[in-house]
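Participant: Here it is: the structure, laid out below.
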Amino acid sequence: MALRMIVMGASWGGLQALEVVLSALPSDFEPPVVIAQHRAADSATGALQHMLAHHSGHAVTEPGDKDPIESGQVYIAPPDYHLIVEADGFALSTEAAVHYSRPSIDVLFDTAADVYADGLAGVILTGANNDGAYGIARVRRRGGLTIAQDPATAERPAMPAAAIATGAVQHVLPLEEIGPFLARLSDQSRDAA
Numbered sequence: 017m018a019l020r021m022i023v024m025g026a027s028w029g030g031l032q033a034l035e036v037v038l039s040a041l042p043s044d045f046e047p048p049v050v051i052a053q054h055r056a057a058d059s060a061t062g063a064l065q066h067m068l069a070h071h072s073g074h075a076v077t078e079p080g081d082k083d084p085i086e087s088g089q090v091y092i093a094p095p096d097y098h099l100i101v102e103a104d105g106f107a108l109s110t111e112a113a114v115h116y117s118r119p120s121i122d123v124l125f126d127t128a129a130d131v132y133a134d135g136l137a138g139v140i141l142t143g144a145n146n147d148g149a150y151g152i153a154r155v156r157r158r159g160g161l162t163i164a165q166d167p168a169t170a171e172r173p174a175m176p177a178a179a180i181a182t183g184a185v186q187h188v189l190p191l192e193e194i195g196p197f198l199a200r201l202s203d204q205s206r207d208a209a
């Protein structure tokens, strides 16, 4: 598998979970990491990205409409926008909320699967609803790699449990193992190139 992008979805408890995963990625990690984290529409722009960058050691940006996607970057959906992956960059949408959420994990995963297919890895982390279940199944149908946090290690197990219930999740890992697993995938992909 040539790993070209990682998409992650998180909700309740996501900040701490994302910090754990991102902190385990080496500084030379190449695939872009694109995150949909549920948060309030009136969240301060930039606040979450600064917290994640401070704790993880990686630069984290909120992409704008039509921004290009670059290797080695961590992107997080801005509050109150769906983040859409297109062949030539990102798009932002104010379409209706999905599972009461904007940004929606399903929207991010679905659009990324269309563009990156078998070069995509999808990761579902802690959360209290089933956003991401459709998206993770779509990633798998397009040939991508699918991972869910072990619900026993999640602050709120509903979201990873819903993803696992689709039958599309290939790897169920404790939170602390997800980052190292992704790092190994990236190394294997680089060595195979």
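Start counting the sequence shown at 17; every next residue gets the next number (our numbering). C-beta: ideal position from N, C-alpha, C; glycine also.
#1: Could you spell out where the alpha helix (DSSP H) holding Q53 opens and where it closes?
#2: Give a yes or no on contact between the stretch 132-150 and the stretch 179-192, applying the rule of three or more CB pairs nearer than 8 Å.
#3: Grab me the residues of F197's own chain with a C-beta within less than 8 Å of its C-beta, minus the 5 sequence neighbours each way, in chain order.
#4: For my contact list, H66 and G143 are in at a C-beta cut-off of 8 Å; report their separation, rounded to the angstrom.
#5: Identify whether V185 lies in helix, strand or coil by the three-state DSSP scheme.
#6: With a Cβ-Cβ cutoff of 7 Å, do A93 and I100 count as a contact?
#7: Among the residues of its own chain, which have a CB less than 8 Å from the CB of T77, if the five just before and after it don't count?
#8: Do S202 and A18 have their beta-carbon atoms positioned less than 7 Å apart in this structure?
#9: Secondary structure at A112, three-state DSSP: helix, strand or coil?
#10: Cβ of A174 within 7 Å of Cβ of P42?
#11: May I ask you to report which of helix, strand or coil DSSP gives L124?
#12: Assign L161 to one of three DSSP states: helix, strand, or coil.
#13: Are the beta-carbon atoms of V37 and I140 separated by less than 7 Å?
#14: Let me know if H115 comes out buried or exposed under the rule of 16 or more other beta-carbons within 10 Å of its beta-carbon.
#15: Name the DSSP bridge partner or partners of I180?
#16: G25 and A52: beta carbons closer than 7 Å?
#17: Out of R156, Y132 and P167, which one is the CA nearest neighbour of P47?
#18: Examine chain D for any beta-carbon lying closer than 7 Å to the beta-carbon of L38, and answer yes or no.
#19: Between G138 and V23, which are expected to be in contact by the criterion C-beta below 8 Å, what is the C-beta distance as a whole number of angstroms?
#20: Per DSSP, what kind of secondary structure is L64 in: helix, strand or coil?
Facilitator: According to the structure data:
#1: Counting from one through the sequence shown, the residue named residue 53 turns up at place 37. No alpha helix (DSSP H) contains Q53, which is instead part of the beta strand (DSSP E) from V49 to Q53.
#2: With the cut-off at 8 Å, the stretch 132-150 and the stretch 179-192 touch.
#3: Here residue 197 is taken as the residue at index 181 of the sequence shown, counted from 1. Hits under 8 Å: I163, H187 and L189.
#4: For the purposes of this step, residue 66 is taken as residue 50 along the sequence shown, with counting starting at 1. For the purposes of this step, residue 143 is taken as residue 127 along the sequence shown, with counting starting at 1. In fact, because the Cβ distance is near 22 Å, the residues do not count as touching under 8 Å.
#5: Taking the first residue of the sequence shown as 1, we reach residue 185 at position 169. DSSP places V185 in coil when its eight states are reduced to three.
#6: Here the question's residue 93 lines up with position 77 in the sequence shown. Here the question's residue 100 lines up with position 84 in the sequence shown. Not closer than 7 Å, so no.
#7: Counted from its first residue, the sequence shown places residue 77 at position 61. Contacts found: Q65, Q89, V90, Y91 and I92.
#8: As a working note, residue 18 is residue 2 in the sequence shown. As a working note, residue 202 is residue 186 in the sequence shown. Contact annotation: A18 and S202 have beta-carbon atoms that are not nearer than 7 Å.
#9: The sequence position of residue 112 within the sequence shown is 96, counting from 1. Of the three classes helix, strand and coil, the one that applies to A112 here is coil, per DSSP.
#10: Stepping through the sequence shown from its first residue, residue 174 is reached at position 158. Stepping through the sequence shown from its first residue, residue 42 is reached at position 26. Contact: no.
#11: Your numbering for residue 124 matches position 108 in the sequence shown. The three-state reading of DSSP puts L124 in helix, counting H, G and I together.
#12: Stepping through the sequence shown from its first residue, residue 161 is reached at position 145. Reduced to three states, the DSSP call for L161 is strand.
#13: As a first step, residue 37 must be located in the sequence shown, where it is residue number 21. As a first step, residue 140 must be located in the sequence shown, where it is residue number 124. Contact: no.
#14: Here residue 115 refers to the residue found at position 99 when the sequence shown is read from its first residue. Result: buried.
#15: Numbered from 1 along the sequence shown, position 164 holds the residue referred to as residue 180. DSSP, once it has assigned bridges, lists no residue as partnering I180.
#16: Here residue 25 refers to the residue found at position 9 of the sequence shown. Here residue 52 refers to the residue found at position 36 of the sequence shown. Taking 7 Å as the Cβ cut-off, G25 and A52 qualify as a contacting pair.
#17: As a first step, residue 47 must be located in the sequence shown, where it is residue number 31. It is Y132.
#18: Protein chains in the displayed structure number just one, and chain D is not present.
#19: As a first step, residue 138 must be located in the sequence shown, where it is residue number 122. As a first step, residue 23 must be located in the sequence shown, where it is residue number 7. The pair is a contact, with the Cβ atoms about 5 Å apart (cut-off 8 Å).
#20: Position 48 of the sequence shown, counted from the first residue, corresponds to residue 64. Note: L64 maps to helix in three-state DSSP.
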